[in-house]
Amino acid sequence: MKVRVRGIYTTALTRLFLDAGHNIVQASAPIRERFDTEFESTDHDVSVETTRNRQGVGAMGTPDAVATATEQLCDLGIDTFAWDDPAPTGAVFDARVTETLGGGAICDLGETEGYLSYGDFDGRVEVGDEVRVQISESAPPWASRRAELTGDIRAIAGLATLDPDTDGVRVDTRDEAAARELAGMTDLLGGDPPEGWGIRWHRDAVDADMSALDDALDRAAEVASELDAALDEPVDAPRTVAAPTATNWVWFGRETRFELDKHRRAVETTMPGHHRTKAASPKASAGVDLAEALCASVGDGEFPFGVVTAQFGPREGDDVEIGHGKPDGRLITLGSGEVSEYDPEGTLELRRQMTGGGTYDALGVDRESGDVAITKFREGRWWYPTVYRSSEGGVKGTYVNICTPVECFPDRIRYTDLHVDVVKHADGTVERVDDDELEEAVEAGHISAELAEKARSVASSLESALSG
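1 is the number of the first residue of the sequence shown in the UniProt record's numbering; add one for each residue after it.
Here's what the structure looks like:
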């Protein structure tokens, strides 16, 4: 399998895939310097790239290669999660417009929705219209945005993309001399695109040899031929018209990030918590690069929570959201609060003012205006407690959420909920809840058996401790 890797996890994942016997292609300059091996500039079977929020990666490419890469990524740690994207980048759909907005339209794709900007479609659309679109950019399940759609159908295949109803050759590079050379070399290649499809070479194609370019053009031509056949069919929304590629999303938990540190440390100087820190923000990433450049060597040790949070947050007085991830990929924000206490050893206390209405989950007591929720998060712990108090200070109950190891990022606490929880009522009664939801998640394939057993073990320990 040929793998292209980009983003903050590149060094660690390059080593992971190389150790598994795969080929890394189109390697960046730093990777070429760090590894004592030759890297080809040929086309890739799968591209593994860091997501916008730096929390994980997207794997995009041929279905078999995406499945293989995802399987290996999931073996990294117990708190790694992966989801198949029902709207992979490059797939073509017949979509039905369900809502029009100021700048675009929401479209029903069948299993999911997408956003079609008016600027990416020839003509305005109305609710009820059926349109043929392509996924120009997929979106991970935890993102608040939808997959981006376009009315321009292209044959996307790595180094080469074929555009319909065009001719000639284009090269996506600012190096005019290199572009002219590649355009001239294209005439010497053996393969030809289907009639009516023009060639657009991606930037990395400039460094590829003739054999790699020939293979890339053949692959793009195969995709174009598949699309040609599908596009002859009438529009019948909502449905998938063609999906020549697959997209999977992988979210890394805290333990996985530290496992990635081990892979990177075998290649390059790596501070404890390298990927944990880089996942926080671009500024944090720059700080890590500086720290590691100044250090001749860094041994294994504890994650420097106090140092990282002192530099980047969160600290006392900061507002922080609670990012409650679900095992099916959704991300729910449980509101935000102010950090009322900060311990550089790894603990934050968050206070939230509650609004009235309804009852508190599992506690069965009224949620009233003026109530205060006091939540204590400890970095790396598999659970966190929230104490609910009335406006007069009386305890209404305690809810202990069991989750993957907590990470305290500058603007958001992040974890994935593991369903089973333990509550302590105001009268001292302790109750374990939602074991059935955990079982359902295991049966649905959202939580592994190993992770479920860990959640049950944590729940049992907390139940005993709160009852004592």
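Ideal Cβ placement from N, Cα and C applies to all residues, glycine included.
Query	Result
Is the region 131-147 touching the region 159-176, taking contact as three or more C-beta pairs under 8 Å?	no
To the nearest angstrom, how far is the alpha carbon of F121 from that of T375?	47 Å
Helix, strand or coil, according to DSSP, for P194 in the structure here?	coil
Measure the alpha-carbon distance for V430 versus G468 and round it to whole angstroms.	10 Å
Quick one: residues in its chain with C-beta nearer than 6 Å to the C-beta of A12, no 5 flanking neighbours on either side, listed in chain order?	L260, H263 and R264
Name the two residues that bound the continuous beta strand (DSSP E) containing R414.	R412 to H425
Please go through the region 115-179 and give each complete beta strand (DSSP E) segment of 3 or more residues, from N-terminal end onward.	130-137, 147-150, 155-157, 160-164 and 169-171
If I follow the unbroken beta strand (DSSP E) through R239, where does it start and stop?	R239 to A242
So, using beta-carbon positions, are A224 and W201 closer together than 8 Å?	no
Go ahead and pull the three-state DSSP assignment for K326.	coil
Can you say whether residue 507 is buried or exposed, counting buried as having 16 or more other CB atoms within 10 angstroms of its CB?	Residue 507 lies beyond the stretch modelled for the chain, which goes from 1 to 468, so this question has no answer here.
Are G104 and Y115 touching if we call contact CB-CB under 8 Å?	yes
T245: which of V442, A459, D371 and E222 sits nearest, CA to CA?	E222
Look at the Cβ atom of E253, then the Cβ atom of G77, and state whether they are nearer than 8 Å.	One detail in the question is off: residue 253 reads as Gly in this sequence, not Glu. The answer is yes: Cβ separation under 8 Å.
Taking C-beta to C-beta, are E130 and A237 nearer than 8 Å?	yes
If we ignore side chains and look at the alpha-carbon of each, how far apart do A212 and D43 end up?	6 Å
Would you tell me roughly how many angstroms separate the C-alpha atoms of M354 and Y388, rounded to the nearest one?	9 Å
List the whole-angstrom C-beta distance separating A449 from I402, where the pair is believed to meet the contact cut-off of C-beta under 8 Å.	Between I402 and A449 the Cβ distance is about 16 Å, and since that is not below 8 Å, they are no contact.
By Cβ distance, which residues of its chain are closer than 8 Å to G317, with the 5 residues on each side in sequence left out?	E338 and V339
Taking its Cβ as the centre, do 16 or more other Cβ atoms sit within 10 Å of M1, making it buried, or is it exposed?	buried
Throw me the rounded Cβ distance for the G325 and G380 pair, which I believe falls under 8 Å.	So it is not a contact: roughly 16 Å between Cβ atoms.
When DSSP labels each residue in this structure, what does residue 470 get in the three-state scheme?	No statement about residue 470 is possible, as the shown extent of the chain runs from 1 to 468 and does not include it.
Going by DSSP, name the residue or residues bridged to V288.	The partner list for V288 (beta bridge, DSSP) is empty, contrary to what the question assumes.
What residue range does the beta strand (DSSP E) around A373 cover?	V372 to R378
Are P234 and L217 touching if we call contact CB-CB under 8 Å?	no
On the three-pair Cβ rule with 8 Å, is the region 148-167 touching the region 16-23?	no
Which residues in the same chain have their Cβ closer than 6 Å to the Cβ of G273, if we skip the five residues on either side of it in sequence?	F303
Skipping 5 residues on each side, what residues in its chain have a beta carbon closer than 8 Å to that of H275?	I8, Y9, A12, F252, R257, F258, L260, D261 and R264
Which residues mark the beginning and the end of the alpha helix (DSSP H) in which V458 is found?	A449 to S467
Quick one: grab the DSSP three-state call for T404.	coil
Roughly how many angstroms lie between the CA atoms of D167 and I31, to the nearest whole one?	36 Å
Quick one: is G335 buried, meaning 16 or more other Cβ sit within 10 Å of its Cβ, or exposed?	exposed
Which same chain residues, not among the five before or five after K283, have their C-beta less than 6 Å away from its C-beta?	none
Which of the three DSSP states, helix, strand or coil, is assigned to I78?	coil
Quick check on the burial criterion: 16 or more other C-beta atoms within 10 angstroms. Buried or exposed for I332?	exposed
Should T359 go down as buried or exposed, given a rule of 16 or more other Cβ atoms within 10 Å for buried?	exposed
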